[in-house]
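In terms of full-length UniProt numbering, the sequence shown opens at residue 1 and continues consecutively.
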Amino acid sequence: TSDEKSKIPRFNTKIPFDISLRSKEMSRERKAKHVYNKNSYSRRFTKIIRDSAHKLGTEAMFGAFERVAQEMSVREYNVMIGVCLEHAERSCDLEYALDHIGKAFELLKSMRDRGFEIEESVYGPLLDYLISMDMVEEFHSFKDVIMEASPGSVERLGYYEMLLWIQLGDGEKVEELCGTLDGDNGESLSILQENYLLALCKKDQKDHLQRVLDIVDITNVTLNLLANIFGYLGRFSLDSVATKLLSELRQSDEGVKNVSDLISMYVTCTPNLMVEDTILKFNKLHKELHVMPSSTSYEKLVKYLCDSNEVVTALDVVEKMGEAGLIISADILRSVLHAVDEVLEFNLVRRIHSIMCTKSVKPNSENFRSIIRLCTRIRDFEGAYNMLGNLKNFNLEPNSSMFNCILAGYFRE
């Protein structure tokens, strides 16, 4: 009420007269704090909502928030929708779950009515839940509200619709949507069509995908979808189909740029392959298609090897990259350093140190901090100090975390 509002204290903070003289560093700190405070606020509000639902029950919680609904921000709506979904997912009582899905639906309608956009990070988990529960009518009700609130989401909603029919085993509906994927006109697929194809890849719809890939012009498909297609082909070891599509891309001016990356995607997704066979396949396909491995395709291969704890082999590949004059990125170094830590092969840091001496390496400060820490693990404090001296070669500067690693190593001794 107005009386209650008048009782709220007002704080008059005097602004320092010399505020304009604050340094740029202070300005950067304020920006960093602002980002932190925004995230901190989001976490605090999420906790308040969850605690309220736990202590008061969701009915009382929603009653309280309905009274201030007109003042709620998008972020607060999103948190409340997330809590509704959590309660629905955790419950074994269908009526209870439906009640909370209904509350989420009302919140979405309120967002629409207030002109707020509904992002996929909010509606995606809701639609996934409805699909998993075979709730067809509810799915379409949610879909209609989302489209009204966010007209730009129409194409993306096609992805979830395809997932729904696949989940229900409705082959007729799936075929109907696949029928729109006609590649005879030589034009690029629409965003909606690409989302249909993406859903087929995600759910490993082998028969439908085979027919679609026979009619679609692969050279007119976006890179994101190509990555999903070759991931699917790898999972099913469809060598002949993969080679055919790669050959078509090889003949395209635009497609050839992505061939090396797609080879890497394909071979690293193929199951039950020994590491040696994966590398052989990687090299064989590059040779057959007359393309040179790219830095990014090597990066995928190195990550695959590191995830398989084949650190020595990963370092062999990294050294080969250096010999070929390819850029060894900070991400590649991070994968290798993390793997060395995981398998406890700390002596391998010396090999990494020698790789760092090549001109093609592009490390960051975090890479150096990891190397310094690994040096201390093998009691190579001289090597750790030398790494500090090497920083200037990469236009980097030492920081407190690097010195802390050395001090921690001494204390450990």
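Yeah, the Cβ is synthetic: ideal placement off N, Cα and C, and Gly gets one too.
Subject >> Check whether V259 and R250 have beta carbons under 8 Å apart >> reply: In terms of Cβ geometry, V259 and R250 form a close pair [threshold 8 Å].
**OP:** Can you check the UniProt domain "PROP1-like PPR" (305 to 412) for any alpha helix (DSSP H) of at least 4 residues that lies completely inside it and give the ranges in chain order?
**Re:** The qualifying runs are 311 to 323, 330 to 343, 349 to 356, 365 to 377, 381 to 390, 400 to 412.
Original post:
Do the segment 300 to 314 and the segment 274 to 290 touch if we need at least three Cβ pairs shorter than 8 Å?
Top reply: Touching, yes.
**OP:** Could you name the residues of the same chain whose beta carbon sits closer than 6 Å to that of C269, not counting the 5 residues immediately before and after it, in chain order?
**Re:** If you ignore the 5 residues before and after C269, its C-beta comes within less than 6 Å of the C-beta of G231, G234, R235, all in its own chain and listed in chain order.
Subject >> Span of the alpha helix (DSSP H), counted from its first residue to its last, around L222 >> reply: In the sequence as displayed, the identity of residue 222 is Thr instead of Leu. No residue range can be given for T222, since it is assigned to no alpha helix (DSSP H) and is classified by DSSP as neither H nor E.
Original post:
Straight-line CA distance for D93 to H100?
Top reply: The alpha-carbon atoms of D93 and H100 are separated by roughly 11 Å.
Original post:
Do L246 and L225 have their CB atoms nearer than 8 Å?
Top reply: L246 is not a Cβ neighbour of L225, given a cutoff of 8 Å.
**OP:** Assign N78 to one of three DSSP states: helix, strand, or coil.
**Re:** Helix.
Subject >> Cα-Cα separation, G322 to T376 >> reply: When rounded, the distance between both Cα atoms is 26 Å.
Original post:
For N195, which of helix, strand or coil comes out of DSSP?
Top reply: Helix at N195.
Subject >> From M147, H140, L130, V136, residue whose alpha carbon lies closest to that of E117 >> reply: The shortest C-alpha separation from E117 is found at M147.
Subject >> Coil, strand or helix - Q205 by DSSP >> reply: Here DSSP, grouped into helix, strand and coil, assigns Q205 to coil.
Subject >> Residue span of the alpha helix (DSSP H) that contains M265, given as start and end >> reply: Looking at the DSSP string, the run of the alpha helix (DSSP H) that includes M265 is 259 to 269.
Original post:
With respect to the alpha helix (DSSP H) encompassing H140, which residues constitute its N-terminal and C-terminal limits?
Top reply: For H140, the enclosing alpha helix (DSSP H) starts and ends at 136 to 149.
Original post:
CB L374 to CB V349, shorter than 8 Å?
Top reply: Yes, these two residues count as a Cβ contact at 8 Å.
**OP:** Would you kindly work out how many angstroms separate the C-alpha atoms of L181 and L189, rounded to a whole number?
**Re:** L181 and L189: Cα-Cα distance of roughly 7 Å.
**OP:** Take I372 as the anchor and find which of S91, K143, E106, G409 has the nearest alpha-carbon.
**Re:** Put simply, of S91, K143, E106, G409 the residue whose alpha carbon is nearest the alpha carbon of I372 is G409.
Original post:
Does the beta-carbon distance from I332 to V312 come in below 8 Å?
Top reply: Against a cut-off of 8 Å, the Cβ pair of V312 and I332 comes out as no contact.
**OP:** Please classify E254: does DSSP put it in a helix, a strand, or coil?
**Re:** In the structure shown, E254 adopts coil according to DSSP, grouped into three states.
**OP:** Pick helix, strand or coil for H290, following the three-state DSSP scheme.
**Re:** Assignment of H290 by DSSP, reduced to helix, strand and coil, places it in the coil class.
**OP:** Measure the alpha-carbon distance for N37 versus N367 and round it to whole angstroms.
**Re:** Any reading at N37 must be qualified, since the residue scores a pLDDT of 45, below 50, and its modelled position is unreliable; no value is offered.
Original post:
Is M274 helix, strand or coil by DSSP?
Top reply: Three-state DSSP puts M274 in coil, outside helix and strand.
Subject >> Reference V361, options S370, V340, F394, I378, closest by Cα >> reply: With distances taken between Cα atoms, V361 lies closest to F394.
Original post:
Can you tell me the Cα-Cα spacing of L273 and V267, whole angstroms?
Top reply: Inter-residue distance for L273 and V267 is about 9 Å (C-alpha atoms, whole angstroms).
**OP:** Reducing DSSP to helix, strand and coil, say where C92 ends up.
**Re:** In this structure, DSSP gives C92 a state outside helix and strand, which the three-state scheme calls coil.
Original post:
Is the beta carbon of R379 sitting closer than 8 Å to the one on E413?
Top reply: Against a cut-off of 8 Å, the Cβ pair of E413 and R379 comes out as a contact.
**OP:** Identify which residue in L198, L213, D134, G158 has its Cα closest to the Cα of Q167.
**Re:** For Q167, the nearest C-alpha among the options comes from D134.
Original post:
In this structure, does DSSP put F116 in helix, strand or coil?
Top reply: If DSSP states are grouped into helix, strand and coil, F116 belongs with coil.
Subject >> Beta-carbon proximity of L337 to I327, cut-off 8 Å >> reply: No, these two residues do not count as a Cβ contact at 8 Å.
**OP:** With a 10 Å radius around its C-beta and 16 neighbouring C-beta atoms as the bar for buried, classify T219 as buried or exposed.
**Re:** Its Cβ being crowded by 16 or more others within 10 Å, T219 is buried.
Original post:
To which residues of the same chain is E216 closer than 8 Å at the C-beta, ignoring the five residues directly before and after it?
Top reply: As written in the sequence, residue 216 is Val, which differs from the Glu given in the question. Hits under 8 Å: L181, G183, L189, L197.
Original post:
Of all the options V256, L98, E397, which has the alpha carbon lying nearest to the alpha carbon of E137?
Top reply: When each option's Cα is compared against that of E137, the closest is L98.
Original post:
Near residue 416, which residues of its chain fall below 8 Å by C-beta distance, leaving aside the five closest residues on each side in sequence?
Top reply: Here the chain comprises residues numbered 1 to 413, so residue 416 is not present and cannot be evaluated.
**OP:** Kindly give me the distance between the Cβ atoms of Y129 and L85, rounded to whole angstroms, as I take these residues to be in contact under 8 Å.
**Re:** Contact holds; Cβ gap of about 6 Å.
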